[in-house]
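Colleague: Before I ask anything, let me first share the structure, which is written out below as structure tokens.
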Amino acid sequence: MALPLLTYKPSSQNQRVKSFGIADLNEDTPYIYRLEDAASPAEIRTLIWAAYRQVFSEHEILKFNRQITVETRFANRSITVRDLIRELAKSEAFYRLVVSVNNNYRLVEICLKRFLGRAPYNKEEEIAWSIVIATKGFSGFVDALLDSEEYTEAFGDFTVPYQRKRMEGRPFNLVTPRYGEDFQETAGTVTTDWRFTLDKFYSAKAKERRLPEGDPGKFKDMAAAVNTKRYYAQNIPASSIDYLNKVPRR
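Just add 530 to wherever you are in the sequence shown, counting from 1, and you've got my numbering.
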């Protein structure tokens with residue numbers, strides 16, 4: 531028996547706040563791909579490519595990752611955009627590239643960004659959706675997202691999902707790679723060099739950078755560099771004066 535979705539309190543993110551007056555168009559405004567606007571075969575192909583970018587978050591899709599049968603059904607208007615997104619999300623390529631290399635919490639973050647166009651509200655939402663993955667499987671999780679009221683109100687059946695109302699920061703597809711650092715360490719694709727970590731936190735220079743402004747410790751090297759053996763005019767011992775050289779010679 532599948533557990534119901536746990537309740538969580540949504541936070542006020544950008545996509546939940548309505549704009550004042552006329553929406554301003556700038557470089558952060560997403561381009562919306564709708565099936566109603568696609569009349570020619572070229573526009574259909576453009577919409578399909580937009581769906582691939584949104585689901586896979588890849589700048590280039592390899593030929594063996596494409597779902598030719600699904601593309602043909604969509605080009606023939608046999609399925610909707612929502613069905614296209616569903617088929618791509620449940621494909622073997624997406625499971626291999628995204629699902630199999632991430633834990634449930636990160637998978638929730640990725641799927642919310644790519645299918646609902648927003649980041650998770652909080653940790654409680656990540657836990658709630660991760661329970662759905664554990665009980666219904668990834669396929670049931672995809673159905674729960676795409677059949678949700680939020681998806682229907684935001685995108686409906688004929689609009690490709692997009693990042694909603696980005697006000698700051700970089701786009702999701704630039705900051706959310708296909709797998710996280712934990713998998714990179716396990717797979718050996720990225721190895722942490724602890725020498726740099728130790729140097730970053732425990733070296734003398736690092737400790738000096740963490741000192742507050744005005745701390746005498748910041749001037750320790752400057753004080754050590756001062757030559758205290760020099761003689762100054764106001765403090766010259768008599769033993770250091772060569773009197774014979776000062777006597778004029780005839």
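All residues carry an ideal CB built from backbone N, CA and C; glycine is no exception.
Taking only runs of the alpha helix (DSSP H) that begin and end inside the region 590-634, which ones reach a length of at least 4 residues, in chain order?
Modeller: 598-605, 611-619, 622-627
Colleague: What first and last residue would you give for the alpha helix (DSSP H) that runs through Gly783?
Modeller: In this structure the chain extends from 531 to 780, so residue 783 is not present and cannot be described.
Colleague: So is the beta-carbon of Pro691 under 7 Å away from any non-hydrogen atom of the ligand MN?
Modeller: Of the ligands one can find in the structure shown there are none, so the ligand MN has no counterpart to examine.
Colleague: Quick test of your reading: Lys620 and Phe702, contact by CB under 8 Å. State the CB separation rounded to the nearest angstrom.
Modeller: So it is not a contact: roughly 20 Å between Cβ atoms.
Colleague: Rounded to a whole number of angstroms, what is the C-alpha to C-alpha distance between Arg636 and Arg603?
Modeller: Using only the alpha carbons, I get a separation of about 31 Å.
Colleague: Does Glu639 pass the burial test, meaning 16 or more other C-beta atoms within 10 Å, or should it be called exposed?
Modeller: buried
Colleague: Distance check for Phe624 and Ile615, CA to CA, integer angstroms please.
Modeller: 11 Å
Colleague: Does DSSP put Thr559 in a helix, in a strand, or in coil?
Modeller: Of the three classes helix, strand and coil, the one that applies to Thr559 here is coil, per DSSP.
Colleague: Does the distance from the CB of Phe645 to the CB of Leu676 come in under 8 Å?
Modeller: yes
Colleague: State the CB to CB distance for the pair Val690 and Val628, rounded to an integer number of angstroms; the pair is presumed to be in contact (CB under 8 Å).
Modeller: Contact between Val690 and Val628 does not hold, since the beta-carbon distance rounds to 18 Å and is not under 8 Å.
Colleague: Any idea if Pro571 is buried or exposed, counting beta-carbon neighbours within 10 angstroms, 16 or more meaning buried?
Modeller: Pro571 is exposed by the Cβ-count criterion.
Colleague: I'd like the span of the alpha helix (DSSP H) that includes Gln584, first residue to last.
Modeller: It spans 571-586 - the alpha helix (DSSP H) in which Gln584 sits, taken as one unbroken run.
Colleague: For the alpha helix (DSSP H) that Ala494 lies in, which residues bound it at each end?
Modeller: Here the chain has residues from 531 to 780 only, and residue 494 is not among them.
Colleague: To the nearest angstrom, report how far apart Asn652 and Pro540 are at their CA atoms.
Modeller: About 8 Å.
Colleague: Determine the direct distance from the alpha carbon of Pro746 to that of Lys584, and round the result to whole angstroms.
Modeller: Note that residue 584 corresponds to Gln in the displayed sequence, not to Lys. Roughly 54 Å between the two C-alpha positions.
Colleague: Classify Thr537 as helix, strand or coil using the three-state DSSP reduction.
Modeller: coil
Colleague: Going by C-alpha distance, which of Thr559, Ile578, Pro560 is nearest Phe688?
Modeller: Ile578
Colleague: Could you tell me the distance, in whole angstroms, from the CA atom of Ile552 to the CA atom of Arg564?
Modeller: In this prediction, Ile552 has a pLDDT of 48, which is less than 50 and means its spatial position is unreliable; nothing more can be read from the coordinates.
Colleague: Tell me whether Arg694 sits in a helix, a strand or coil according to DSSP, three-state version.
Modeller: coil
Colleague: Check Thr689 in the structure and name its three-state DSSP category.
Modeller: strand
Colleague: Could you please give the first and the last residue of the uninterrupted alpha helix (DSSP H) stretch that includes Asp751?
Modeller: Counted as a single uninterrupted DSSP element, the alpha helix (DSSP H) harbouring Asp751 occupies residues 750-755.
Colleague: Give the DSSP-derived three-state secondary structure of Arg786 in the structure shown.
Modeller: The shown model of the chain, from 531 to 780, leaves out residue 786, and the question about it has no answer.
Colleague: Taking the DSSP output, what are the residues bridged to Arg564?
Modeller: Thr689
Colleague: Does DSSP put Pro746 in a helix, a strand or coil?
Modeller: helix
Colleague: Could you tell me the distance, in whole angstroms, from the CA atom of Gln597 to the CA atom of Glu622?
Modeller: 9 Å
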